[in-house]
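Sequential numbering of the sequence shown, starting at 544, is according to our numbering. C-beta: ideal position from N, C-alpha, C; glycine also. The structure presented is a predicted model; accordingly, all values stated were derived computationally and were not measured. Working notes, structure below.
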Amino acid sequence: DAALASYQQALTLFRAVGERVGEANTLRAIGDVQRFRDDNDAALASYQQALTLFRAVGERVGEANCYGALSRLEVQRGGNIGKAEAQLIEAITLHQAIGSRYDVAVDYGNFAIVLYNRGEKSKAKDYAALSEPLYRALSHPSADVMKQIMDEA
544 DAALASYQQA LTLFRAVGER VGEANTLRAI GDVQRFRDDN DAALASYQQA
594 LTLFRAVGER VGEANCYGAL SRLEVQRGGN IGKAEAQLIE AITLHQAIGS
644 RYDVAVDYGN FAIVLYNRGE KSKAKDYAAL SEPLYRALSH PSADVMKQIM
694 DEA
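Dropping the structure here:
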């Protein structure tokens, strides 16, 4: 509750001064809190508002992060896996265009974790297999988490 209240205050301030990137980042953060609280409809609305703003100002990193969040939300709420994968592809494509190998690894890895937690173990294994070598190339410890998902799935 405190986090949401603080984010709402920040959102009001960003809107008052016309800082659209700050507004978009705050909306995405609000969506993250709402998703954590399983308030999925509110999270979806927050992410979509943030995505619209990120697109309007040309902030591709924020846009990519929203697509990643939307893909995980779709899986988390038991939605359409194909839709979630399409959103993930949007995130991956943007992160690749920016040149962020780390974010591509994170996108695949976080998607694998959400799939695994929803019981979609075969698909989780596929996405972990995409993430693991990227993490490994970066000497990131999450490579071991991806390996564990691949071994257990």
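For residue i, which three-state DSSP category applies?
i: arginine 603; result: helix
i: serine 674; result: helix
i: serine 682; result: coil
i: arginine 620; result: coil
i: glutamate 663; result: coil
i: aspartate 584; result: helix
To the nearest angstrom, report how far apart residue i and residue j are at their CA atoms.
i: glutamine 619; j: arginine 598; result: 24 Å
i: valine 657; j: isoleucine 573; result: 19 Å
i: glycine 605; j: leucine 547; result: 20 Å
i: glutamine 689; j: glutamate 617; result: Just to set this straight, residue 689 is methionine in the shown sequence, not glutamine. Taking the straight line joining both Cα atoms gives about 21 Å.
i: leucine 631; j: leucine 556; result: 31 Å
i: leucine 681; j: alanine 640; result: 18 Å
i: alanine 655; j: glutamate 562; result: 34 Å
i: phenylalanine 579; j: arginine 615; result: 11 Å
i: glutamate 695; j: valine 560; result: 50 Å
i: lysine 626; j: asparagine 583; result: 16 Å
Could you work out which residue in the options is closest to residue i when comparing CA atoms only?
i: leucine 637; options: Ile624, Lys626, Gly611 and Ala607; result: Ala607
i: isoleucine 692; options: Thr569, Leu570, Ala634 and Asn660; result: Asn660
i: leucine 587; options: Phe654, Gly611 and Gly601; result: Gly611
i: glutamate 663; options: Ala629, Pro684 and Gly622; result: Gly622
i: serine 589; options: Glu602, Glu628 and Thr569; result: Thr569
Quick check: is the beta carbon of residue i nearer than 7 Å to any beta carbon in chain C?
i: valine 688; result: Among the chains in the structure shown there is no chain C, since it carries only a single protein chain.
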